[in-house]
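*Asks:*
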Amino acid sequence: MFNFQYMNIKKLLFVFITLLVLTGIRMIWIAYQMGPEQPVAHQGVLDLRDYELSDGETLILDGEWAFFPEVLWTPQLEELPQEQRIIVPVPKKENEDVPYPFGTYRLKILLPPDIERVYGIRVQSSEMVSKLFINGRQIVDTGQATHQGQVLPYTALFSVDQDDIDIVLQVSNFKDLSTADIEKSIKFGFADSVINEQKFNEALQVIVGVVLVLHGFGTVYVCFFFKRKKDVSYFTAVLFCMTLATLVEDSKILLQWLPMNYEWFMRLMKLSYLGVAFFLLQFVKEFLSDDQENKVVRGTAIFYGVYALVVLMMPPQSNMLVLIFLIFLVLHTVIFVFLLVFSPGFHEKREVSWLIFSSLCMLSSATWGLIKTYAWPTLPYYPFDIILSFLGVAAFWFKRFFMTTTQVEELVDELKKADKAKDEFLANSSHELRNPLNAVINIAQTVLESEKNSLDSENKKNLELLITVGRRMSFMLNDLLDVTRLKENGMRIHPKKVKVQAATVGVIDMLKFLMEGKPIQIVSDISDSFPPVWADKDRLVQILFNLLHNAVKYTNEGTIVVQARIENEMAVIHVKDSGIGIDEEVQKKVFDPYERGNLNSLDIGGGLGLGLSICKQLVALHGGTIAVHSVPHQGSDFYFTLPLAENSIQEPIKEERISELCSADERKDARVSSSNIQPITGEKARILAVDDDPINLKVLSSILSSKQYEVVTAMSGKEALSLLDQLEYDLVISDVMMPNMSGYELAGNIRKRYSILELPILLLTARSQPEDVEAGFAAGANDYVMKPLNALELKVRTQALVDFKLAIGDRLRMEAALLQAQIQPHFLFNALNTIASLSTIDTSRMVSLLEHFGQYLRASFDLKNLQKFVPLEHELQLLHSYLYIEKERFGDRLQVHWEVDEQLKVEIPPLSIQPLVENAVKHGVLQRARGGTVWIKIVDYVTHAEVSIKDDGVGMSEKRVEKVLSRPNDSSRGIGLFNTNRRLQQLYGEGLQIHSVINEGTEVRFMIPKK
438 MFNFQYMNIK KLLFVFITLL VLTGIRMIWI AYQMGPEQPV AHQGVLDLRD
488 YELSDGETLI LDGEWAFFPE VLWTPQLEEL PQEQRIIVPV PKKENEDVPY
538 PFGTYRLKIL LPPDIERVYG IRVQSSEMVS KLFINGRQIV DTGQATHQGQ
588 VLPYTALFSV DQDDIDIVLQ VSNFKDLSTA DIEKSIKFGF ADSVINEQKF
638 NEALQVIVGV VLVLHGFGTV YVCFFFKRKK DVSYFTAVLF CMTLATLVED
688 SKILLQWLPM NYEWFMRLMK LSYLGVAFFL LQFVKEFLSD DQENKVVRGT
738 AIFYGVYALV VLMMPPQSNM LVLIFLIFLV LHTVIFVFLL VFSPGFHEKR
788 EVSWLIFSSL CMLSSATWGL IKTYAWPTLP YYPFDIILSF LGVAAFWFKR
838 FFMTTTQVEE LVDELKKADK AKDEFLANSS HELRNPLNAV INIAQTVLES
888 EKNSLDSENK KNLELLITVG RRMSFMLNDL LDVTRLKENG MRIHPKKVKV
938 QAATVGVIDM LKFLMEGKPI QIVSDISDSF PPVWADKDRL VQILFNLLHN
988 AVKYTNEGTI VVQARIENEM AVIHVKDSGI GIDEEVQKKV FDPYERGNLN
1038 SLDIGGGLGL GLSICKQLVA LHGGTIAVHS VPHQGSDFYF TLPLAENSIQ
1088 EPIKEERISE LCSADERKDA RVSSSNIQPI TGEKARILAV DDDPINLKVL
1138 SSILSSKQYE VVTAMSGKEA LSLLDQLEYD LVISDVMMPN MSGYELAGNI
1188 RKRYSILELP ILLLTARSQP EDVEAGFAAG ANDYVMKPLN ALELKVRTQA
1238 LVDFKLAIGD RLRMEAALLQ AQIQPHFLFN ALNTIASLST IDTSRMVSLL
1288 EHFGQYLRAS FDLKNLQKFV PLEHELQLLH SYLYIEKERF GDRLQVHWEV
1338 DEQLKVEIPP LSIQPLVENA VKHGVLQRAR GGTVWIKIVD YVTHAEVSIK
1388 DDGVGMSEKR VEKVLSRPND SSRGIGLFNT NRRLQQLYGE GLQIHSVINE
1438 GTEVRFMIPK K
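Just so you know, we're using the numbering used here here: the sequence shown kicks off at 438 and counts up by one.
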């Protein structure tokens, strides 16, 4: 109870302060407009000889005027009859009416001497007709006094050349033909001052009227779109009534635009005030609930209706009765608004304080308007109540708008949470249902395959039906999961060149089980020459499946055709059926989620209405559109667009954008602690990362960039193969879905040069289906990682493969060095026999041979052979020792020609030239009885050095050359051409070049790139 009283006290205080402030502002305005104290006419004379009339100032000719009742003075009369002269106040005072129907007013103004100016006089009363004479000269004639007449306030300008002004004014009153009262002050001043004041007042009224009308049209617009908003409708009526009340006050602007007689003018003015009060009351009442309306509220319309009839039917002579009734209704409105303000219905409506403020401003304006019209006619025009009222209404609407917006946002948040909860429920349900569903399908499939011979045809059909229904349900569950991912923007597409023809045929085969029992034929009418589209193959299959599935459901018999055409450089794919069709209303929402277009049809298996919605979103992900054209009972044509592969251009992504998408924080998060992950060697492994998406490459680089790895990136398989020719890598990490060359194809090309031990491959795939994993391993991959990437998993798998490669490499190098260091027994025995023979023939030659034999042994067992590269001098030293021994053995049968640039400084793989020379000696020139010559040529070029070993021996056939380079299991060749060729390919991307002609000789060459 205390709170309620406290609220009433607060409201009462608010109303009191508001009225006090409004009244105070108005009184300040009145004091400013009426100016300082001015001279007053006395006994028909206004003495201005001692008063300095300034520019911009107007005088009110109030005071005692001479009045000649029932006398209409004209210039033909020399003088007014002084015996009939009486003194009356102008403007008239309350209860002091002039009891004459017409007469002549006279005022003499005494001016300061020697002032000749143009003066103006403003007659504001519109309730009378008059003739104005200045110094005996007629200035204005407004006609005759009847109720049907029309008279406006007027301004007259005149000049005088004497020290006094004689003002004579003939009058006859419209309002009451029995009196000749002047009810409003007559203003006088310099012409400019009078005109400026008139224009100022008119401008104020016009501005206020225009503002009201504009607001009125705005509320009419709101009413048009929100027809149930009664409060807005009432406020619109208040605006237009207030506009009329404004335009009929003071300067009577409305009469200048819409001429009307005095009788209807008075009726319009009273009805406008009545409308303001009535509709304002109804406007405020709308903020109360129905149970708070009382008999006073319901009876209000009766009182106002009665008054409106009185105004329309009673003549102007009954003005006093009508005025009393109007005052009563206005007071009733004020009291009732106050009652509404203090009613409990407003306690919880905080924004209504602005409405109360606006209502008080409007009531203040209407009340003061009545006061000015009937009690204080000299009041100046005051527009600020109206302005403040609309500021209050604007504040009210804005506050209500923001409150409504806040409520809507809260409701939207709640709806989003509910929608998310629904999606999570569907997704979780789908996940939970997939495992038992897959178990059912697998068990049925196993029984069908294992017991095929023992099952009768009926049971076979039942099992097949069980499998097909299970697969359909699996598709439905996948749709639910896809809808969830699409809503969360979690689905990515991997577009590439896709043949629509192949995808369509595959989908048609998938849908054959749905046509069982229906005379339906699905036909692919796509030309073999139709170009490929740029799309994600899996998603294209899903789009076609959903559209064809929808067509089968709503087609009882007939043909379903898939067609494709090109329009505006886009592929347009049509799925046409001859089914029941879709009406226009359903077509508008057929792509909405959970919308089933034909609820009354015999829908096969029902459905959730998600297929077409998923199609729309998947097509949009590809940059296309989807639409439908259908005629009921004739069929439907669903068509969608996809970009052609030839027109698809991958837009480059700027480095700034990549850096933005892979921020420092993301890189920091990606660098999962790997303190326990250490390389088995101290070398820095080099990794080749391949992906057509630069953002993915940036993420890979961020995760793997450390002191352990050097990451080199490539954006295509072709670029990756080119980089493999330039440097040696320890690991290749490749995405599977890439344009032009997929990760599978890249792995296959790498395996043509490197075995699974020599260069590991790690594939990144978004699919983990058995067929995808099998394809990756079949192409030559060592391992795979699922997307989205887990940083720790990627680093562990990467380190494992790098360590594996380095360990295998070290072992292979050691084995190769060991094999290369092994000397064939017969070569050792032959060398020792040669030394023994020379000991009896030529000891000096024996000593020289022993020195070269020792150098050969030291070079063969040198630890440098374990390194990847050795200086060219080291290889040539070994080669010189080997050839010296062979020449001592075979004498003139072996000739050697050297063409080596002595200034050449390069590094080459160890034991890469000696095996080639040994092959030329043993399998080339020494196969001839006469022997032959071996040419050793090393040429220095700008970018590389070329090593050439040529002999004129027996030569080889092309098949033999191919066999020598491609069969590593042929032990007869030892570590000769094959091993050397493999090592060169791994290091330089290019192996040996062999040119051989049978019985003419062989030339073996290879390039050594300069660092």
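The beta carbon of each residue, even a glycine, is placed where N, CA and C say it ideally should be. Note that this is a predicted model, so its numbers are computed, not measured.
Can you find at least 3 beta carbon pairs, one from the region 512-529 and one from the region 461-470, that sit closer than 8 Å?
*Replies:* Counting Cβ pairs under 8 Å, fewer than three are found: no touch.
*Asks:* Would you check if the distance between the CB atom of Val-830 and the CB atom of Ser-795 is smaller than 8 Å?
*Replies:* Going by C-beta atoms, Val-830 is nearer than 8 Å to Ser-795.
*Asks:* Would you please state the rounded distance, in angstroms, between the beta carbons of Leu-1199 and Asn-1219? I believe it to be under 8 Å.
*Replies:* At roughly 7 Å, the Cβ-Cβ gap stays under 8 Å, so Leu-1199 and Asn-1219 are in contact.
*Asks:* With DSSP collapsed to three states, give me the class of Ile-619.
*Replies:* Ile-619 falls in the coil class under three-state DSSP.
*Asks:* Who are Leu-544's beta bridge partners in DSSP?
*Replies:* Looking at the DSSP assignment, Leu-544 forms a beta bridge with Ile-604.
*Asks:* Lys-545 to Asp-499, Cα distance in whole Å?
*Replies:* About 12 Å.
*Asks:* Any idea which residues DSSP pairs Arg-929 with across the strands?
*Replies:* None, per the DSSP bridge assignment.
*Asks:* Just the C-alpha distance for Ile-1435 and Gln-1332, rounded to the nearest angstrom, thanks.
*Replies:* Their backbone Cα atoms lie some 20 Å apart in a straight line.
*Asks:* Assuming Ile-1140 and Lys-1232 form a contact by the criterion Cβ under 8 Å, report the distance between their Cβ atoms to the nearest whole angstrom.
*Replies:* Contact holds; Cβ gap of about 7 Å.
*Asks:* If I measure Cβ to Cβ from Cys-678 and keep anything under 7 Å in the same chain, skipping five residues before and after, which residues do I get?
*Replies:* Taken in chain order, the residues that qualify are Ser-709, Gly-712, Val-713 and Phe-716.
*Asks:* In whole angstroms, give me the CA-to-CA distance for Tyr-488 and Glu-494.
*Replies:* Straight-line Cα distance between these residues: approximately 12 Å.
*Asks:* My understanding is that Asn-1416 touches Leu-1402, with C-beta atoms under 8 Å, so please give their C-beta distance in whole angstroms.
*Replies:* That belief does not hold up - the Cβ atoms of Asn-1416 and Leu-1402 are roughly 11 Å apart, past 8 Å.
*Asks:* Using three-state DSSP, classify Val-1379 as helix, strand or coil.
*Replies:* Coil, per DSSP.
*Asks:* The alpha helix (DSSP H) with Tyr-671 in it runs from where to where?
*Replies:* That run of the alpha helix (DSSP H) goes 667-684.
*Asks:* Can you grab the Cα-Cα spacing for the pair Leu-1051 / Leu-917, in whole Å?
*Replies:* Position check: residue 1051 holds Ile in this sequence, whereas Leu was assumed. One C-alpha to the other measures close to 9 Å.
*Asks:* Which value, in whole angstroms, describes the spacing of the CA atoms of Trp-510 and Val-605?
*Replies:* Approximately 8 Å between the Cα atoms of the pair.
*Asks:* Would you decide whether Gln-1054 is buried or exposed? Buried here means 16 or more other CB atoms lie within 10 Å of its CB.
*Replies:* Classification of Gln-1054: buried, given that the 10 Å Cβ count is 16 or more.
*Asks:* Does the Cβ-Cβ distance between Asn-638 and Tyr-818 come in under 8 Å?
*Replies:* Cβ atoms of Asn-638 and Tyr-818: closer than 8 Å.
*Asks:* Grouping DSSP H, G and I as helix and E and B as strand, with all else coil, what is Val-527?
*Replies:* Three-state DSSP puts Val-527 in a strand.
*Asks:* Taking only three categories from DSSP, how would you classify Trp-1372?
*Replies:* Three-state result, Trp-1372: strand.
*Asks:* I think Ala-1184 touches Ala-1216, with their Cβ atoms under 8 Å apart; what is that distance to the nearest whole Å?
*Replies:* The pair is a contact, with the Cβ atoms about 4 Å apart (cut-off 8 Å).
*Asks:* I want to know whether the region 932-948 touches the region 976-993 - three or more CB-CB distances under 8 Å.
*Replies:* Yes: at least three Cβ pairs fall under 8 Å.
*Asks:* Where DSSP assigns a beta bridge to Trp-502, which residues make up the other side?
*Replies:* The partner list for Trp-502 (beta bridge, DSSP) reads Val-525.
*Asks:* Alpha helix (DSSP H) containing His-986: first to last residue?
*Replies:* Residues 974-990.
*Asks:* Might you give, ordered along the chain, the residues of its own chain that have their beta carbon closer than 6 Å to the beta carbon of Asp-603, omitting 5 neighbours on each side?
*Replies:* Lys-545 and Asn-572.
*Asks:* To the nearest angstrom, how far is it from the Cα of Ser-1171 to the Cα of Phe-1241?
*Replies:* One C-alpha to the other measures close to 18 Å.
*Asks:* Can you tell me which of the three DSSP states Arg-574 falls into?
*Replies:* DSSP places Arg-574 in strand when its eight states are reduced to three.
*Asks:* Please report how far the alpha carbon of Arg-559 lies from the alpha carbon of Val-650, in whole angstroms.
*Replies:* Looking at the two C-alpha atoms, the distance is approximately 29 Å.
*Asks:* According to DSSP, is Ser-1349 helix, strand or coil?
*Replies:* Correct three-state label for Ser-1349: coil.
*Asks:* Determine the DSSP secondary structure at Ser-1433, reduced to helix, strand or coil.
*Replies:* Reduced to three states, the DSSP call for Ser-1433 is strand.
*Asks:* Does DSSP put Val-566 in a helix, a strand or coil?
*Replies:* Strand at Val-566.
*Asks:* Opposite Leu-496 in the DSSP bridges: which residues?
*Replies:* BP columns for Leu-496 point to Phe-625.
*Asks:* Please report the residue range of the beta strand (DSSP E) in which Lys-1013 lies.
*Replies:* Counting along the chain, the beta strand (DSSP E) containing Lys-1013 begins and ends at 1007-1014.
*Asks:* Can you tell me whether Pro-1347 is buried or exposed? The criterion is at least 16 other CB atoms within 10 Å of its CB, across all chains shown.
*Replies:* By the neighbour-count rule (16 or more Cβ atoms within 10 Å), Pro-1347 is buried.
*Asks:* When you compare only the Cα positions, how much space is there between Leu-903 and Leu-1081?
*Replies:* If I take the Cα positions, the gap works out to 39 Å.
*Asks:* Taking Phe-1214 as the reference, which of Leu-1226, Ile-1375, Ile-1193 and Ala-1228 has the closest Cα?
*Replies:* Of the candidates Leu-1226, Ile-1375, Ile-1193 and Ala-1228, the one whose C-alpha sits nearest the C-alpha of Phe-1214 is Ile-1193.
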